[in-house]
Amino acid sequence: MPDWLKELGIWYFLGESPAALSGKDNNAEVSLVYQDPFSWIFGSSQTTLFGWLALMVVGVFFCLRFWSRLAPLSTSKKSFLVGLRVASLLLIIGVLCLPALEIREVGLPLLPVLIDTSGSMSIADVPVNEKTSADRAEVEKLSRLAAIREALTRDDSQWLRRLQKRFVLRLYQFSHEATPIEWPPITSQGFTLEATGLTSRIGPSVQQVMDELRGSPLAGVVVLTDGVPNPSSAEALSAVGSLLASRSIPIFPVAIGSDREVADLKLVELNSDDVAFQNDPLIVVAQIKGSGILPQTVKVTLKDGASGKVLETRDLFLNGSKKLETVEFSWIPESPGEFSLVAEVAPLADEPDQENNRQTRQVKVRGDKLRVLLVESTPRYEFRFLKQFLEREPSVELQTLLQEADLEYAKEDRTAIRNFPIRREDFAALDVLILGDIDPRLLSPSSLELIDDFVRNQGGGLIVIAGELNTPFQWNGSILEKLLPFRVSDAQLPERADTPFQPQLTFEATRGSRLFRFAQSPAENQSIWNELAPWFWSLQISALKPGASVLVERQDRGQRTASPLIILQRVGVGKVLFLATDETWRWRFRQGDHLFGKFWIQAIRFMSRRQNDDQDPVRFVADRSTYEIGQKVHLTLEVRDERALPQGTEKLIAQVESAEGQRETIELRRTGQSAAFFEADWTPVREGPYRLQMVDDKLLAKLPLLSILVTAPQRELLATATNTADLKLAAEATRGQYLPIDRIEELPELLPRSQLLPVATIESVRIWNRWELLILLGSLICLEWGLRRRWQTL
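Quick note, in this note's numbering, the sequence shown goes up one by one and the last residue is 803.
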């Protein structure tokens, strides 16, 4: 039917133009509809064929009989009258068919275009080619979402405009769900899309759009995505393939990104003490994770952030399993001040994101001299070599006292003093007190009390070196015994001292301690310990006081338990380090002061009171500040003042509170032999900020709140390779077509050929009961009657 005739019919029957009846994207179309008269007259379609055959036979019979009755007339006249009779009969039959004019809205089919804006679309692995940007370097890569944005807006959005000529476009962005995008954009900035989604629910988002457009004609569905579902494979595009196939809706996935996993090295954490001493090793620990890489060795560098000077470089082997690997640096600051330490892992050649390859840590280095008082009864080897070393050490201000020396000795030796300090102010000026094999009976009771006060109340460090004559046996029952990590009755001299043995580090000593660090790496350090000159003599200690930590021990053949050699005990706010041997001087064999001096200067700095000047009596920390849901939060509580916690405490209670006010308790348990450390692991199950605090009444010190942040799992960045297999499967299941992003210009030609399709019925106009048909039927009958009367055939 010609368009002008359609428009005329719509205007005649409805009194409106087609443009006023249809929507902005569609047109109006008129068509004739009718019913089978036998079905509505007799209520069944079974008689339709026989009815029409019978009607044709009856019609032909009557026409022949009518022809025979018109015999006197000429053939032309008879034909004309028979034609009028047939027209009347056909008009009556047509009225019985209940004809009607149906005016419908028709338009182009819809084409929804879905754009993935999940987190994985921020990965920069799309090479820039000539079609994308000819003025950029060939090695440059765009993020996946940037590649989509450039493809859609290239040449004034010609790709979208080509589609718009054939289809009604509906643009959506999706991550967790699909949301419409205004097209054409209202602002001049074009598409403002950001890849910030925490999930990638591809299949459910497509199904959501299908449900919203249910009842509308669809030419297909175009999905621009990397095909990586999150949180599970049930969210994949192929999951809705059967649904769209049942509706004959093809899927046209456009894949963005590389089907190889993106190579990435990430320096996750950088940890160290906040305060260090000049010329004292500072342990700096970096945690590194590699993904999308083959097993290989990478270089990790520690630098001075201010000068850029490389402080240390370590090789780290990554096996490509995405597991956190730890590399440990040992930096010896040569000058005091504030330092910004920067750890960097060397980027890979094809690594798109290099911003996460570094971390920074602020450290304060102190350079003031440590004041040490070394007290001994007689000048044994340990005293002589230690005195000589400390006198040459520029970071130590040394004083010495020999109990059995004559009074003139103090005049001959520049570091010697005549009398033991008797005032509290004298002890306040000290950092570390080293007591050798002294006889406490030669000290006044007030001096013994000052030693106890120096450790317990002033936070001083006390190092005790065992001897064969006095220490610790002459300390029995004195106030000094309270400072020891064992009871004197539990110690005895060895029966023999002619069998060499090798001291062994315990787990407590290797857990980030600077006290026994002779080399940069743990493996090198252990190797040096294994090669140290052996000892021959040590005190035998059968039991320790609660809270004492064994750092070095002796394991003899045939003995089930090891004997402690170096023991650490916290007393009040201070620390006591007990050496159950006086043979560290043997480490000078073929080494000089290299290892012997390193041990003693690290021990003195470790025990120094000023090491802890800025520290609270109790320290409550988490191993990190930011976690993902499901990651373990490792909590550590360190008791630095024994007065803050009763002796024998085995566990402490902490409370964690979410932003919504939900609370739960965490139980921290004592670690190993040490009364100073309590640890616990807690796994968060919801994202958001959390506050942790100690709520145990046994803990006397007041601690500030500990804050951590828990985020949703970044699974978007765990699987980074484009899932081309699933995209191809979805296209095949729905008889669509898979395309990579560099062939997106071919898509308009691959889509089904568009044609106008009915969208909705505007109005249905009955014709069979119109007055025009009644006049026409009457006119035919009257004309036949008039002609037959005139031609005298009635």
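Just so it is clear, CB atoms sit at the ideal spot from N, CA and C, and this is done for glycine as well.
The residue from L654, L796, F510 and I258 with its alpha-carbon nearest to that of A740 is I258. Each residue's CA atom was taken as its position, placing A204 and S131 some 5 Å apart. Shown here, L252 sits in a helix according to DSSP, grouped into three states. One Cα belongs to T424, the other to S453, and the distance between them is close to 22 Å. Rounded to the nearest whole angstrom, the C-alpha separation of T126 and R153 is 9 Å.
For the set V585, S530 and L382, the Cα lying nearest the Cα of N466 is the one of V585. By the Cβ neighbour-count rule, E659 is exposed, with fewer than 16 other Cβ atoms within 10 Å of its own. Of the other Cβ atoms in all chains shown, 16 or more fall within 10 Å of the Cβ of Q408; this residue is therefore buried. For V177, the beta-bridge partners assigned by DSSP are L119.
Boundaries of the beta strand (DSSP E) harbouring V284: V284 to F286, taken from the DSSP string. Judged by DSSP in its simplified three-state form, L100 adopts helix.
Between V559 and P512, the CB-CB gap reaches or exceeds 8 Å. Annotation for P757: W168, R171, L172 and R175 place their beta carbon closer than 8 Å to its own, counting only its chain and skipping 5 residues before and after.
Contact between V441 and V381 holds, with the beta-carbon distance rounding to 5 Å and staying under 8 Å. Setting aside the 5 residues that flank it on each side, I488 is surrounded in the same chain by L457, E458 and D461, each with a C-beta closer than 7 Å to its C-beta; the list follows chain order. Taking all protein chains shown into account, A187 has 16 or more neighbouring C-beta atoms within 10 Å of its C-beta and is therefore buried.
By the beta-carbon neighbour count (other beta carbons within 10 angstroms, threshold 16), F59 is exposed. Under the three-state reduction of DSSP output, E592 falls in the coil class, being neither helix nor strand.
It is roughly 20 Å from the alpha-carbon of V694 to the alpha-carbon of S209. Residue state for N239 is assigned as strand, using DSSP reduced to three classes. In the DSSP assignment, W780 falls outside any beta strand (DSSP E) and lies within the alpha helix (DSSP H) extending over W780 to R799. The alpha carbon of E334 has as its nearest neighbour, out of V277, V319 and A631, the alpha carbon of V277. As far as DSSP is concerned, F527 takes part in no beta bridge.
Nearest Cα to L677 within the set P304, F686 and Q671: F686.
In the three-state reduction of the DSSP assignment, H603 falls in the helix class, which pools H, G and I. The Cβ atoms of A653 and L574 do not sit closer than 8 Å to each other. In the three-state reduction of the DSSP assignment, E159 falls in the helix class. If you check the CB distance, T322 and S349 do not come in under 8 Å. A straight line joining the alpha-carbon of F525 with that of T720 spans about 38 Å. Residue state for G128 is assigned as helix, using DSSP reduced to three classes.
In the three-state reduction of the DSSP assignment, Q217 falls in the helix class.
The DSSP-derived three-state label of K378 is coil. With three or more CB-CB distances shorter than 8 Å, the region 789 to 801 counts as touching the region 88 to 95. Between the C-alpha atoms of P342 and K373 there is a straight-line separation of about 10 Å. Rounded to whole angstroms, the gap between the alpha carbons of E421 and L478 is 26 Å. Taking the C-beta atoms as reference points, L718 is found no nearer than 8 Å to F629.
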